[in-house]
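Just so we're aligned: 268 in full-length UniProt numbering is position 268 of the sequence shown, and the numbers increase by one with no gaps anywhere. For every residue, glycine included, the Cβ atom is placed at its ideal position computed from N, Cα and C. Worksheet: one structure, shown below.
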Amino acid sequence: MGDEDVDGKCRMSACSSAKLFLFMVPLVLVSGFAFVNIGPKCPTPFLTSLSTTHISPPLLLSSPSLPPAPALAPSPQAAKEVSLPTSALSTKVESVQGDKNRTIQLNPINITLVSNNVTSTASSELMKKRVTKKIDKIEFELQKARVAIKAASMDDPVDDPDYVPIGPMYWNAKVFHRSYLEMEKQFKIFVYREGDPPLFHDGPCKSIYSMEGNFIYEMERDTHFRTNNPDKAHAFYLPLSVVKMVRYVYQRDSHDFGPIRRTVRDYIDLVSDRYPYWNRSIGADHFILSCHDWGPEASFSHPHLGQNSIRALCNANTSERFKPRKDVSIPEINLRTGSLKGLVGGPSPSVRPILAFFAGGVHGPVRPVLLQHWENKDNDIRVHKYLPKGTSYPDMMRSSKFCLCPSGYEVASPRIVEALYSGCVPVLINSGYVPPFSDVLNWRSFSVIVSVEDIPKLKTILTSISPRQYLKMYRRVLKVRRHFEVNSPAKRFDVFHMILHSIWVRRLNVRIREV
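Structure below.
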């Protein structure tokens, strides 16, 4: 994808032997619980299930991607008591050979890391003792949060001056709210200071890659979640920008990804040599964020980064090794001016005469099928390669009840958020895509999921949704879009905080302890 408008700046420039065990059990909002034991002995780990008593099956638990289905009316209650289906457990075995003779192996029961040399060469023994001494306190804090979140389903709703999550848009609104409040109360992130702009501590705040720059900017000016003391951090942010690497490191049309790989690998080698935190968890409490199409590939420049670390990606494609239990799907947001001015808002359903709308370039495997069946063929389904002269794209979205969001080259599309901003019910047409925040949000309650095979039946699917059901979906869109809004400074429950919450939940699934 092009980088012609990726230099839009934010309002101010960003500042310059061990074992892992992953248990596939329901934990709060996502499954998976990892123990990282530090020491020569690794006794049988003790695991307390933190699954809630009334929690609907998150999309991530039942399937890594949304299963296609015609527009069915969602259940009036999103929360149902279920257990984790056996089908959710992967049977694929993967192995990655890392440095220091380390091999990571993933199977349905655990991730095992075997090392012939468990002595860290990256830090002094004094530093190592100091760090491991802090681990117990950090993990004790996280354990208290897990217990509080587990109990949330049985507690009364908590008063909140800004917003109280409620409704079928959430798999379990009370659990989400309690988890969010626990995050606000104690989650601390250390941002590595190493690296210089533009490759690090910098990113675009305009274009479809805007989340990279906006997140870096908010993270580096934040005083609530960010800590300057790494001993107090629950998670560690590697502030790299793949967009900037593509622009300044990659040689255009060379098809040589080597320079980007070396840049990422060298940065991790630098921080792992300078600090003990990467080595103590083999990267499991570290995270990166990328909205570029090449973000997933760049993350595997270092095997432990791709295999162990939390990857917050716009391109959340399960066919490209995105793992919903460990990784975070974030929205792709096209901020042409760097702000939301003029983007949020739209008329009521009574003045939306168009049933469904799409206009966009023909690329990727899905859009050609959509245009083949619907381009200029139906007055209710307005599908265009190019908009007619004098027609406004935002006006068309605001005049439509449903906005079609087919994948392009990659599974993510900025049209999903554009639809939410416009009050238009999004219609997701893709394969392998994990929608943003789907560990918390029940996408079927406010969007329509259509498989590529059902594109010819698109009108039948949409017209089968009753006016009453459509109104419910429309109202849910208006409520849920707060979680996708970009604010500067960030506001509670907006997209910045939702990304942090998704990272928080994954961090809750990792326990590091000294034995």
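1) Per DSSP, which residues does residue 441 bridge with? Please list them.
2) Considering residue 316, what are the terminal residues of the beta strand (DSSP E) in which it resides?
3) Using only CA atoms, which one of 162, 378 and 415 lies nearest to residue 394?
4) Please list the segments of the beta strand (DSSP E) lying wholly inside the segment 204–288, counting only runs of 3 or more residues, in order along the chain.
5) Can you give the Cα-Cα distance for residue 512 and residue 381, rounded to whole angstroms?
6) Let me confirm a value: residue 453 is counted as buried when at least 16 other C-beta atoms fall within 10 Å, else exposed. Which label applies?
7) Classify residue 203 as buried or exposed, calling it buried when 16 or more other Cβ atoms lie within 10 Å of its own Cβ.
8) Starting from residue 450 and walking both ways along the beta strand (DSSP E), at which residues does that stretch end?
9) Would you be able to state if there are at least three C-beta pairs under 8 angstroms between the segment 263–278 and the segment 186–197?
10) Of all the alpha helix (DSSP H) runs that stay within the bounds of the segment 460–490, which reach a length of 4 or more residues?
11) Per DSSP, what kind of secondary structure is residue 375 in: helix, strand or coil?
12) Among the candidates 457, 413, 429 and 494, whose CA atom is the shortest distance from the CA of residue 291?
13) So, are the CB atoms of residue 210 and residue 346 less than 9 angstroms apart?
14) At which residues does the beta strand (DSSP E) containing residue 428 begin and terminate?
15) Under three-state DSSP, which class holds residue 37?
16) If we require 3 or more residues per run, which beta strand (DSSP E) segments fall completely within the segment 374–409?
17) Could you please give the first and the last residue of the uninterrupted alpha helix (DSSP H) stretch that includes residue 503?
18) Give me the residue from 266, 464, 472 and 235 with the minimum Cα distance to residue 520.
19) So, using beta-carbon positions, are residue 323 and residue 378 closer together than 9 angstroms?
20) Got a sec, what are the start and stop residues for the beta strand (DSSP E) residue 359 sits in?
21) Under DSSP, the beta strand (DSSP E) around residue 189 begins and ends at which residues?
22) When burial is assigned at 16 or more other CB atoms within 10 Å of the CB, is residue 264 buried or exposed?
23) Under the three-state reduction of DSSP, which class applies to residue 335: helix, strand or coil?
24) Output the boundary residues of the alpha helix (DSSP H) element that contains residue 420.
25) Under 7 angstroms Cβ to Cβ from residue 250, same chain only, skipping five residues before and after it: list those, please.
26) Please confirm whether residue 544 and residue 214 have their CB atoms less than 9 angstroms apart.
27) Per DSSP, residue 433 forms a beta bridge with which residues?
28) Please classify residue 516: does DSSP put it in a helix, a strand, or coil?
29) Given this structure, state the Cα-to-Cα distance separating residue 268 from residue 302, to the nearest angstrom.
30) Excluding the 5 residues flanking residue 186 on each side, which residues of the same chain have their C-beta closer than 7 angstroms to its C-beta?
31) Assess, as a yes-or-no matter, whether the segment 387–407 is touched by the segment 344–360 under the definition of 3 or more beta carbon pairs within less than 8 angstroms.
32) Do the segment 473–481 and the segment 227–242 meet, that is, are 3 or more Cβ pairs less than 8 angstroms apart?
33) Note the first and the last residue of the continuous alpha helix (DSSP H) segment covering residue 306.
34) Among the candidates 231, 466, 218 and 247, whose CA atom is the shortest distance from the CA of residue 491?
35) Roughly how many angstroms lie between the CA atoms of residue 485 and residue 507, to the nearest whole one?
36) Does DSSP classify residue 290 as helix, strand or coil?
According to the structure shown:
1) Reading the sequence shown from its first residue, position 441 is the one you call residue 441. Answer by DSSP bridge pairing, in chain order: 170.
2) Translated into positions along the sequence shown, residue 316 becomes position 316. Annotation: residue 316 is outside any beta strand (DSSP E) and is labelled neither H nor E by DSSP.
3) Taking the first residue of the sequence shown as position 1, residue 394 is located at position 394. Residue 415 is the option with its Cα nearest to residue 394.
4) Listed in chain order, they are 235–237.
5) Along the sequence shown, one-based indexing puts residue 512 at 512. Along the sequence shown, one-based indexing puts residue 381 at 381. Cα to Cα, residue 512 sits roughly 53 angstroms from residue 381.
6) Your numbering for residue 453 matches position 453 in the sequence shown. So residue 453 counts as exposed.
7) The residue you call residue 203 lines up with position 203 of the sequence shown. Residue 203 comes out buried.
8) Residue numbering aside, residue 450 sits at position 450 when the sequence shown is read from its first letter. Note, residue 450: beta strand (DSSP E), 448–450.
9) The segment 186–197, when compared against the segment 263–278, does touch it at the 8 angstroms Cβ threshold.
10) Every alpha helix (DSSP H) stretch that sits fully inside the segment 460–490 and reaches 4 residues is listed by chain position as 467–480.
11) Here residue 375 refers to the residue found at position 375 of the sequence shown. Assignment of residue 375 by DSSP, reduced to helix, strand and coil, places it in the strand class.
12) Position 291 of the sequence shown, counted from the first residue, corresponds to residue 291. It is 413.
13) Position 210 of the sequence shown holds residue 210. Position 346 of the sequence shown holds residue 346. Residue 210 places its beta carbon 9 angstroms or farther from that of residue 346.
14) Residue mapping note: residue 428 aligns to position 428 of the sequence shown, counting from 1. It spans 425–429 - the beta strand (DSSP E) in which residue 428 sits, taken as one unbroken run.
15) Numbered from its first residue, the sequence shown carries residue 37 at position 37. Caution is warranted here: a pLDDT of 47 is assigned to residue 37, below 50, making its placement in the model unreliable, and no coordinate value can be reported.
16) Counting whole runs of 3 or more residues, the segment 374–409 contains the beta strand (DSSP E) stretches 381–384 and 400–406.
17) Here residue 503 corresponds to residue number 503 of the sequence shown, with the count starting at 1. Segment 495–508, the alpha helix (DSSP H) holding residue 503.
18) Past the boundaries of the shown model lies residue 520; the chain is included only from 1 to 515, so the question cannot be answered.
19) Translated into positions along the sequence shown, residue 323 becomes position 323. Translated into positions along the sequence shown, residue 378 becomes position 378. For the 9 angstroms CB-CB criterion, residue 323 and residue 378 do not form a contact.
20) As a first step, residue 359 is located in the sequence shown; it is residue number 359 there, counting from the start. First-last of the beta strand (DSSP E) with residue 359: 354–359.
21) The residue given as residue 189 occupies position 189 in the sequence shown. From DSSP, the beta strand (DSSP E) with residue 189 extends over 189–191.
22) Here residue 264 refers to the residue found at position 264 when the sequence shown is read from its first residue. Under this definition residue 264 is a buried residue.
23) Position 335 of the sequence shown holds residue 335. In the three-state scheme derived from DSSP, where H, G and I count as helix and E and B as strand, residue 335 is classed as strand.
24) As a first step, residue 420 is located in the sequence shown; it is residue number 420 there, counting from the start. Annotation: the continuous alpha helix (DSSP H) that includes residue 420 extends over 415–422.
25) The sequence position of residue 250 within the sequence shown is 250, counting from 1. The residues are 259 and 260.
26) The requested residue 544 is not part of the displayed model; the chain covers only 1 to 515.
27) Residue 433 sits at position 433 when you count from the first residue of the sequence shown. Paired residues: 317.
28) Because residue 516 is not part of the residues shown, which for the chain are 1 to 515, the question remains open.
29) Here residue 268 corresponds to residue number 268 of the sequence shown, with the count starting at 1. Here residue 302 corresponds to residue number 302 of the sequence shown, with the count starting at 1. Whole-angstrom Cα-Cα distance: 8 angstroms.
30) Taking the first residue of the sequence shown as 1, we reach residue 186 at position 186. These residues qualify, in order along the chain: 141 and 145.
31) Touching, per the Cβ criterion.
32) Flag = no, the segment 473–481 and the segment 227–242 do not touch.
33) Walking along the sequence shown from the start, residue 306 turns up at place 306. For residue 306, the enclosing alpha helix (DSSP H) stretches over residues 303–308.
34) Working through the sequence shown from its first residue, we reach residue 491 at position 491. Closest in C-alpha terms to residue 491, from the list 231, 466, 218 and 247, comes 218.
35) By one-based count along the sequence shown, residue 485 stands at place 485. By one-based count along the sequence shown, residue 507 stands at place 507. Their Cα atoms are separated by approximately 24 angstroms.
36) As a position in the sequence shown, residue 290 is number 290, starting the count at 1. Residue 290 sits in a strand when the DSSP states are folded into three classes.
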